[in-house]
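Add 1060 to the 1-based position in the sequence shown for our numbering, that's all there is to it.
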Amino acid sequence: MSNSMTEALSHLASRMPRIVREHEVLRVAGWMPGEDPDAVAHKAAGEVLRWAQRRAGQRLPREAWDGESFELPLPGRDPSAIRLRAGASDLWAFRIHDPDKTVPGRAWTTEVVLGHVPGKQAQFSTRLLVATPEEDFSIDPAVPGFVQQVAEKCGLVVGSQAASATPAVYADGEDAEALIEHLTDPGRLLPTIVLTLADGASAPYIKAEKLAGVLTGLAHVALARPDAAWRLTERLGKRLSVFGGAARVYQPGFEETAELRPYPAGASSQRVGHLGCLHCRSGQPDPLVQLALIHLEFEALQPIISRPC
1061 MSNSMTEALS HLASRMPRIV REHEVLRVAG WMPGEDPDAV AHKAAGEVLR WAQRRAGQRL
1121 PREAWDGESF ELPLPGRDPS AIRLRAGASD LWAFRIHDPD KTVPGRAWTT EVVLGHVPGK
1181 QAQFSTRLLV ATPEEDFSID PAVPGFVQQV AEKCGLVVGS QAASATPAVY ADGEDAEALI
1241 EHLTDPGRLL PTIVLTLADG ASAPYIKAEK LAGVLTGLAH VALARPDAAW RLTERLGKRL
1301 SVFGGAARVY QPGFEETAEL RPYPAGASSQ RVGHLGCLHC RSGQPDPLVQ LALIHLEFEA
1361 LQPIISRPC
């Protein structure tokens, strides 16, 4: 092909609209303990709305704080929510957009679903989406700040384990037994990242507090000090343990006597690899009502939300 033809096609391609694809970056789902699920869900919604109001740069309407449906037209952001009730079941679904501050054409969408059905605790779910024309892009996933607030102020449980925005510290042999109990808990649904200290070090190579914050609800973060790491090695053996400044990811389903899946301990001066729950997955934009179905199972609402939006 001649250079002139190549240049012409290149010029034409630059003028054609670029395809924007939406990808799911992460998702957090769990339940919130409390005797009054409605009050717990309302408290969690307040944490979400305070975060969203800072993002929007404008006060949200009264309907938002009352937990009702609302729409606030703001260019590029458009925060909105719907509330669905059916008998004693109550569901609130929220969405806000956020243009990327540094990458033109890239936009983020945060979706949240809160609610409860009779006989169950309040449910919480959120997912982060990114829409971009980039064919190849790289991001460092981190949960929205309100996830940390919900975990700290309302309590957030994933499976049988509480999610936390701070690392769990295991100092001695007795603590190590608690760590092993945590790792082998069949109800644990999230990966657990165990950090250790190098000889003479006072802190791990990876900042445990920051890691726990950005992975709240996606992974548990634990710091095993030397005595605890030594006890862990005595119990599990060197092949299954972690020590000497290394970091290891223990996936759900880990058993003390079973073969460990291929996630070897690595030097923690290197970046911890992607966790399964952090992989981007292709997704299509969903109406808020459909979003509610994706996140939570509300069988009592099926007759209502099966209708088109």
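Every residue, glycine too, gets a C-beta built ideally from N, C-alpha and C. In this text, all values refer to a predicted model and were calculated from it rather than measured experimentally.
Grab the span of the alpha helix (DSSP H) containing residue i for me, first residue to last.
| i | result |
| --- | --- |
| residue 1272 | 1268 to 1274 |
| residue 1154 | First-last for residue 1154: 1149 to 1159, but that is the beta strand (DSSP E), not the alpha helix (DSSP H). |
| residue 1295 | 1286 to 1296 |
| residue 1207 | 1205 to 1213 |
| residue 1233 | 1233 to 1243 |
For residue i and residue j, I'd like the C-alpha separation in whole angstroms.
| i | j | result |
| --- | --- | --- |
| residue 1224 | residue 1208 | 7 Å |
| residue 1090 | residue 1211 | 10 Å |
| residue 1082 | residue 1170 | 12 Å |
| residue 1145 | residue 1235 | 45 Å |
| residue 1192 | residue 1259 | 45 Å |
| residue 1194 | residue 1080 | 8 Å |
| residue 1105 | residue 1188 | 17 Å |
| residue 1247 | residue 1215 | 17 Å |
| residue 1316 | residue 1290 | 16 Å |
| residue 1197 | residue 1294 | 43 Å |
| residue 1110 | residue 1272 | 22 Å |
| residue 1287 | residue 1308 | 17 Å |
| residue 1087 | residue 1185 | 7 Å |
| residue 1274 | residue 1199 | 13 Å |
| residue 1099 | residue 1125 | 13 Å |
| residue 1297 | residue 1264 | 21 Å |
| residue 1162 | residue 1270 | 22 Å |
| residue 1313 | residue 1130 | 42 Å |
| residue 1238 | residue 1160 | 42 Å |
| residue 1268 | residue 1147 | 44 Å |
| residue 1201 | residue 1190 | 11 Å |
| residue 1240 | residue 1173 | 33 Å |
| residue 1245 | residue 1310 | 11 Å |
| residue 1262 | residue 1134 | 48 Å |
Just to confirm, are residue i and residue j a CB contact at a threshold of 8 Å?
| i | j | result |
| --- | --- | --- |
| residue 1102 | residue 1136 | no |
| residue 1156 | residue 1112 | yes |
| residue 1257 | residue 1305 | yes |
| residue 1283 | residue 1218 | no |
| residue 1220 | residue 1177 | no |
| residue 1231 | residue 1285 | yes |
| residue 1139 | residue 1120 | yes |
| residue 1092 | residue 1153 | no |
| residue 1213 | residue 1095 | no |
| residue 1281 | residue 1227 | yes |
| residue 1255 | residue 1266 | yes |
| residue 1158 | residue 1114 | no |
In three-state terms, what does DSSP make of residue i?
| i | result |
| --- | --- |
| residue 1145 | strand |
| residue 1086 | strand |
| residue 1197 | coil |
| residue 1118 | coil |
| residue 1250 | coil |
| residue 1107 | helix |
| residue 1315 | coil |
| residue 1222 | strand |
| residue 1131 | strand |
| residue 1099 | helix |
| residue 1202 | coil |
| residue 1258 | coil |
| residue 1282 | strand |
| residue 1277 | coil |
Looking at the secondary structure, which residues open and close the beta strand (DSSP E) in which residue i lies?
| i | result |
| --- | --- |
| residue 1187 | 1182 to 1192 |
| residue 1306 | 1306 to 1310 |
| residue 1175 | 1167 to 1176 |
| residue 1229 | 1228 to 1230 |
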